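Everything below concerns the one structure shown next.
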Amino acid sequence: MHTCGPRLPPPSSDSSQEDEHALLEQAAALGKAARQLRALVADPNDWMIEACWSYLDVAALNSVINMKIPGLIAADGSATAAELSKLTGASPDIILRVMRQCGHRSIFKETEPGRYEHTHHSRRLLDPHFCAFMDYISDDGLLTGTYLTRNLAKTNFHVGPDNTCTAFCDAFKTRVPIYEYYGTVDAERGERFSKGMVGYFEATEKPIETLFPFSQLAAGSTIVDIGAATGANAIRLITLYPQLNCVVQDYGDIVSAAANAAKTLPKDVYDRIVWDEYDYYTPQTQHGAALYLMSHILNGNTDELVLAPLPTHILPLPRSILTVHATPNSKVVKMFKNVVHGMTPGSSTLLILDWVDPPSFGEDRPRVFDSLDMHMIAQTNVYSRSLERWDTMLKRAGERLVRYYTKVEANGCAALAVRLE
Ligand SMILES: C[S@@+](CC[C@H](N)C(=O)[O-])C[C@H]1O[C@@H](n2cnc3c(N)ncnc32)[C@H](O)[C@@H]1O
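Residue 82 in full-length UniProt numbering sits at position 82 of the sequence shown, and the numbers go up by one each step.
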């Protein structure tokens, strides 16, 4: 879907990509039908109990990753529990059990007692970026998830007023919001998260260049990647389009790690990158760039005027009083206002790559999107947003930000381009 837009035609895609896309859609439809059939024929006791035990699938996967087992089994070979025990120093009894648990998910396969091979699923763990994402979700995600109910119960099951009182904060005994925590408190977790984001987006989203016609940007144009993590998006773009250069912005530690990792890049790419320690809650310091990229940074920031109820331990009180400490919290609007400081009216584009809640319901809902939505609530106290909600936030930043290009995929991945009038 495209709205009125200046200058840029839509991106093109070739027919082989379209064939592949159609095939993947058919496979997904078949998978969905198979799951529905399973639900239909399963014994309700088994079905419910399996749902609750599934936390152990995640825990087992995390143990396997931590023991570095994926890399110890050759992609086309096998290894025994005894061999894995020797290599990891772990108990063969534990290895046996975590591998059994994973096996029930078709992640690894036991081909004879105590001998394991990769499956096409477990082979994904050999990709270090994807593995970092699995590690992040099965570690921080699982831990935070166990605090979600207790966290929500504190506000009588309303999402909390900001990202300093999330389930993540409860789990990590901190008031520091998750990304700040990764950027300033726990660099190791931060590095794993940055790596994991690359793996996640590579695995689940279409390549960034198919979401917006970057090739049409004029020679010498600069892309400012705000909250860039490793800078993977910007670096991919300037590698594809040699006429472009980029600025990679994030917390100091994250930018240093990214700059260090980028030393392996070809010199002509590396030389077109500026590394910039920048806090996106402050006015943009890069002025007049052609494109400011906000890729998956807004979903971690609150926007809504949250009407948070008082903690339940203050109850009983009349329900009318529940909203007295409502907090106007507009971090997203603040971030938009900050980027406006850098934008040139009429020529700069703000490109938002984020999720838009699709208007589907029931069995048509994209499962991954809904899981991500719950995950983001646990980590950041932020709901996914509809297109209308995005427009309201842009409007609240000053009415001069106008969405002129929109691409929303069925799974909720979206590109929204905005100009400053
Ligand atoms: C979910 S990641 C997105 C990374 C990347 N843009 C992408 O699409 O893969 C959020 C990033 O925002 C960064 N971040 C969080 N708060 C920030 C702030 N106040 N200023 C700059 N960067 C920040 C984090 O360090 C992290 O790298």
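Don't be surprised by glycine CBs; every beta carbon is placed ideally from N, CA and C. Here the structure is a predicted model, which is why all the values come from computation and not from measurement.
Look at the alpha carbon of residue i and the alpha carbon of residue j, and state the distance between them as a whole number of angstroms.
i, j, result
"residue 44", "residue 379", "32 Å"
"residue 135", "residue 417", "33 Å"
"residue 324", "residue 160", "Interpretation of residue 324 is limited by its pLDDT of 32, a score under 50 that renders its predicted location unreliable; the figure taken from the coordinates is listed afterwards. If I take the Cα positions, the gap works out to 14 Å."
"residue 91", "residue 374", "35 Å"
"residue 36", "residue 57", "21 Å"
"residue 227", "residue 189", "16 Å"
"residue 95", "residue 125", "17 Å"
"residue 187", "residue 177", "14 Å"
"residue 27", "residue 193", "29 Å"
"residue 316", "residue 284", "With a pLDDT of 42 at residue 316, under the threshold of 50, the modelled position of that residue is not reliable, and no figure is offered here."
"residue 242", "residue 234", "12 Å"
"residue 442", "residue 137", "With the chain running from 1 to 421 in the structure shown, residue 442 is simply not present."
"residue 338", "residue 171", "31 Å"
"residue 155", "residue 383", "16 Å"
"residue 231", "residue 273", "9 Å"
"residue 414", "residue 127", "25 Å"
"residue 195", "residue 296", "14 Å"
"residue 236", "residue 244", "11 Å"
"residue 149", "residue 223", "40 Å"
"residue 327", "residue 225", "Bear in mind that a pLDDT of 41 at residue 327, under 50, signals an unreliable position, so the model cannot answer this."
"residue 366", "residue 15", "25 Å"
"residue 336", "residue 71", "43 Å"
"residue 1", "residue 407", "Because the pLDDT of residue 1 is 33, which lies under 50, any placement of that residue in the model is unreliable, and the number read from its coordinates should be weighed accordingly. Rounded to the nearest angstrom, the two C-alpha atoms are 6 Å apart."
"residue 163", "residue 294", "19 Å"
"residue 212", "residue 83", "49 Å"
"residue 410", "residue 358", "7 Å"
"residue 421", "residue 345", "5 Å"
"residue 403", "residue 51", "41 Å"
"residue 351", "residue 214", "11 Å"
"residue 320", "residue 152", "Confidence in residue 320 is poor, its pLDDT being 36 and thus under 50, which makes the residue's placement unreliable; the coordinate value appears in the next sentence. In a straight line, the C-alpha of residue 320 is about 20 Å away from that of residue 152."
"residue 312", "residue 146", "The pLDDT assigned to residue 312 is 47, lower than 50, so where the model puts this residue is not dependable, and the model offers no usable value."
"residue 246", "residue 129", "22 Å"
"residue 371", "residue 31", "17 Å"
"residue 253", "residue 40", "50 Å"
"residue 262", "residue 216", "25 Å"
"residue 376", "residue 157", "15 Å"
"residue 89", "residue 113", "20 Å"
"residue 183", "residue 220", "31 Å"
"residue 203", "residue 22", "17 Å"
Give the C-beta separation of residue i and residue j to the nearest angstrom, bearing in mind that I take them to be a contact with Cβ-Cβ under 8 Å.
i, j, result
"residue 330", "residue 389", "In fact, because the Cβ distance is near 13 Å, the residues do not count as touching under 8 Å."
"residue 348", "residue 292", "7 Å"
"residue 108", "residue 122", "5 Å"
"residue 248", "residue 276", "7 Å"
"residue 197", "residue 303", "Not quite, the Cβ-Cβ distance comes to about 21 Å (not below 8 Å), so this is no contact."
"residue 65", "residue 131", "6 Å"
"residue 59", "residue 142", "7 Å"
"residue 257", "residue 180", "Not quite, the Cβ-Cβ distance comes to about 16 Å (not below 8 Å), so this is no contact."
"residue 332", "residue 381", "Actually they do not touch by this definition, with Cβ atoms about 13 Å apart."
"residue 387", "residue 356", "5 Å"
"residue 49", "residue 118", "With 8 Å as the limit, residue 49 and residue 118 do not qualify as a contact, their Cβ atoms being about 29 Å apart."
"residue 354", "residue 298", "6 Å"
Please find out if some non-hydrogen atom of ligand 1 comes closer than 8 Å to the beta-carbon of residue i.
i, result
"residue 260", "no"
"residue 375", "no"
"residue 296", "yes"
"residue 286", "no"
"residue 136", "no"
"residue 417", "no"
"residue 194", "yes"
"residue 62", "no"
"residue 279", "yes"
"residue 422", "This structure leaves residue 422 out entirely; the chain is present only between 1 and 421."
"residue 17", "no"
"residue 180", "yes"
"residue 273", "no"
"residue 198", "yes"
"residue 251", "yes"
"residue 353", "yes"
"residue 411", "no"
"residue 201", "yes"
"residue 235", "no"
"residue 186", "no"
"residue 229", "yes"
"residue 232", "yes"
"residue 225", "yes"
"residue 69", "no"
"residue 141", "no"
"residue 160", "no"
"residue 342", "no"
Only counting runs of 3 or more residues, tell me where the beta strand (DSSP E) segments fall wholly within the UniProt domain "O-methyltransferase dimerisation" (54-126), in order along the chain. List check, beta strand (DSSP E) in window: 78-80, 109-112, 115-117.
Quick check for students: name the residue ranges of the beta strand (DSSP E) that lie wholly in the segment 336-366, counting only runs of 3 or more. Complete beta strand (DSSP E) runs here, min 3: 349-355.
List in chain order: all unbroken alpha helix (DSSP H) runs of 4+ residues lying wholly within the UniProt domain "O-methyltransferase C-terminal" (177-305). For the alpha helix (DSSP H) assignment, the uninterrupted runs of no fewer than 4 residues enclosed by the UniProt domain "O-methyltransferase C-terminal" (177-305) are, from N- to C-terminal side, 187-204, 232-240, 252-261, 267-270.
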